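Some notes on the structure that comes next.
Number of protein chains: 2
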Amino acid sequence: MTETEIVDAAAMLRAAGLRVTDTRVAVVETLADMPHSGADTIVASVARRLSTTSRQAVYNVLNDLAAAGLARRIEPAGQPGLYELRVGDNHHHIVCQRCGAVADIDCVTGHAPCLTPSQTSGFDLLEAEVTFWGVCSDCKALTADAVVAVP
Amino acid sequence: MTETEIVDAAAMLRAAGLRVTDTRVAVVETLADMPHSGADTIVASVARRLSTTSRQAVYNVLNDLAAAGLARRIEPAGQPGLYELRVGDNHHHIVCQRCGAVADIDCVTGHAPCLTPSQTSGFDLLEAEVTFWGVCSDCKALTADAVVAVP
DNA sequence: GGCTACTTTTGACACGGTAAAAAGAAGTGA
DNA sequence: TCACTTCTTTTTACCGTGTCAAAAGTAGCC
C-alpha cells in the first residue's frame, strides 16, 4: 500500500540524530502518504500500522520531527495543527473555507521571507507566511448540486 | 480614558442591525482601545467597565461582531484568536515569534486577494492572508540584555 | 550481553471555545 | 407609556486539542 513511497523513514530519522522507533517510522510513513494530516488522523493511521500506540507518543513524535526540521506544522485559522514532510522550500497553502482541505502552493521566490512589507513597526522580519483561502473543487460540485436541489 | 476614541459603538451596532446592549458597547470600545486583543483580555476589560458580565456573553458578542462584519478575527498559529475593528481594507499582520505582539501591515493592493498564485489545485481563490513573523523591538532589547548578562 | 539515556505508556490536567436552557432586556407597535 | 415579542445574557456543563509527569520499556553503544 505504501510501497510507492520513496521515503526511507529510518534513514531520515537517523540522519537527523533521532532514534529509530516503530512509532516514529509509522508517523513519517503516514505523513509521506497523507500530507497535511492532523494529529488525530495520524494517531488513527499509526494505530492501524502498529499493535500498540498512544496519542501522547504521536504528539511527542510530531514535536520531535518538527524540532528536528523533518516536518513542518501548519495551523490554518479554525483548524487543528496539520503536519507535512515537505520542508525547506518555503511553499504556501490554499485551504478550503468549507471543508478544510489543504493543497500546496509553490512559492515564487522559494526562500523566506518571500514578501517584504514597506513598514514593519519596528519588528525584525524573519518570515512571510501566506495562506490562500478558497473553495475546493469537491465543495464547488456540492454547491452546484445544492443549488439544483433547492428549487 | 476612552474619550479620545472616535468610535460611536452604538451607532456602529445599530447600522449593522445589531441591538445596542451594554456588553456589545463595552466590547466595541475595548477593541477600539486595544486592537488585537484576545477573548480573555476583552472579558477582563468588559468586566472592568460593567458591573456584571460573563465569558460566554463576550464570546457571543465577538462572534456576532465578526458575523456582522464589524470585527475581524485573526488567529496566528499557536495563539488564541485575536479581534480587531479594522475591517474591509485587507491589511495584514506581523507577529512577534517570542511574545506574540501583533502590529498591522498595510496591504499594497488594498483588496483581496492581493496575491495570485500561478496554480491553485482546482480551488476557487477568494483571499490571500499574509502573516509576517519577526521579533518586536521590545524582545530585541531583551535579547541584547540577555547577551550581555550571559558572559 | 548489559548499561544508559531516550521513548513510550498511562492517567490526569489546562486552555480555548461551544451548547443549551432559563432569566432578563431592547426594540416595536398600540 | 405599556406590554409584547424577539434577541441577549447568564449559568452550567461539556468538547477538542494539546501538554505534564512519573513509571515502564527499548534503541543504541561499549
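Note that the protein sequences, when read in sequence, are chains A and B. Read left to right, the first sequence gives residues 1 to 151 (our numbering). Read left to right, the second sequence gives residues 1001 to 1151 (our numbering). Backbone N, C-alpha and C fix where the C-beta goes; we use that ideal spot for every residue, glycine too. Everything numeric in this text was worked out from a predicted model, so none of it was measured.
Let me see if you follow: with CB-CB separation under 9 Å, is residue i close to chain A or not?
i, result
"Leu1115 of chain B", "yes"
"Glu1075 of chain B", "yes"
Indicate whether residue i and residue j have their beta-carbon atoms separated by less than 9 Å.
i, j, result
"Ala1112 of chain B", "Ala1128 of chain B", "yes"
"Thr36 of chain A", "Val130 of chain A", "Going by the sequence as given, residue 36 of chain A is His instead of Thr. It is not a contact, given that the beta carbons lie outside the stated cut-off."
"Arg1073 of chain B", "Ala32 of chain A", "no"
"Thr23 of chain A", "Ala71 of chain A", "no"
"Glu29 of chain A", "Glu1075 of chain B", "no"
"Asp89 of chain A", "Gly110 of chain A", "yes"
"Val87 of chain A", "Val61 of chain A", "no"
"Phe1132 of chain B", "His1091 of chain B", "no"
"Gln1097 of chain B", "Leu126 of chain A", "yes"
Within 10 Å of its beta-carbon, does residue i have 16 or more other beta-carbons around it, so buried, or fewer, so exposed?
i, result
"Ser54 of chain A", "exposed"
"Ser1051 of chain B", "exposed"
"Gly1069 of chain B", "exposed"
"Ala1067 of chain B", "exposed"
"Ala11 of chain A", "exposed"
"Gly134 of chain A", "buried"
"Val95 of chain A", "buried"
Please decide whether residue i counts as near chain B, where near means a Cβ-Cβ distance under 9 Å.
i, result
"Arg86 of chain A", "no"
"Gly81 of chain A", "yes"
"Lys140 of chain A", "yes"
"Val108 of chain A", "yes"
Can you grab the Cα-Cα spacing for the pair residue i / residue j, in whole Å?
i, j, result
"Pro1117 of chain B", "Ile105 of chain A", "7 Å"
"Cys107 of chain A", "Val20 of chain A", "32 Å"
"Cys947 of chain B", "Ala1016 of chain B", "Chain B is shown only over 1001 to 1151; residue 947 of chain B falls outside these bounds and no answer can be derived."
"Asn63 of chain A", "Val46 of chain A", "16 Å"
"Pro80 of chain A", "Gly122 of chain A", "31 Å"
"Val1025 of chain B", "Leu65 of chain A", "46 Å"
"Ala1039 of chain B", "Leu1085 of chain B", "14 Å"
"Leu13 of chain A", "Ala44 of chain A", "21 Å"
"Ala9 of chain A", "Leu18 of chain A", "11 Å"
"Ile42 of chain A", "Thr1143 of chain B", "37 Å"
"Tyr59 of chain A", "Tyr83 of chain A", "11 Å"
Can you pull the chain B neighbours of residue i, defined as C-beta to C-beta under 9 Å?
i, result
"Gln97 of chain A", "Leu1126 and Glu1127"
Mind listing the chain A neighbours of residue i? Cutoff is C-beta to C-beta under 9 Å, in chain order.
i, result
"Thr1156 of chain B", "A question about residue 1156 of chain B goes unanswered here, because the residues of chain B that appear run from 1001 up to 1151."
"Ser1137 of chain B", "Ser121, Gly122, Phe123 and Asp124"
At 8 Å on the CB atoms, spell out the chain A contacts of residue i, in chain order.
i, result
"Gly1078 of chain B", "Glu75"
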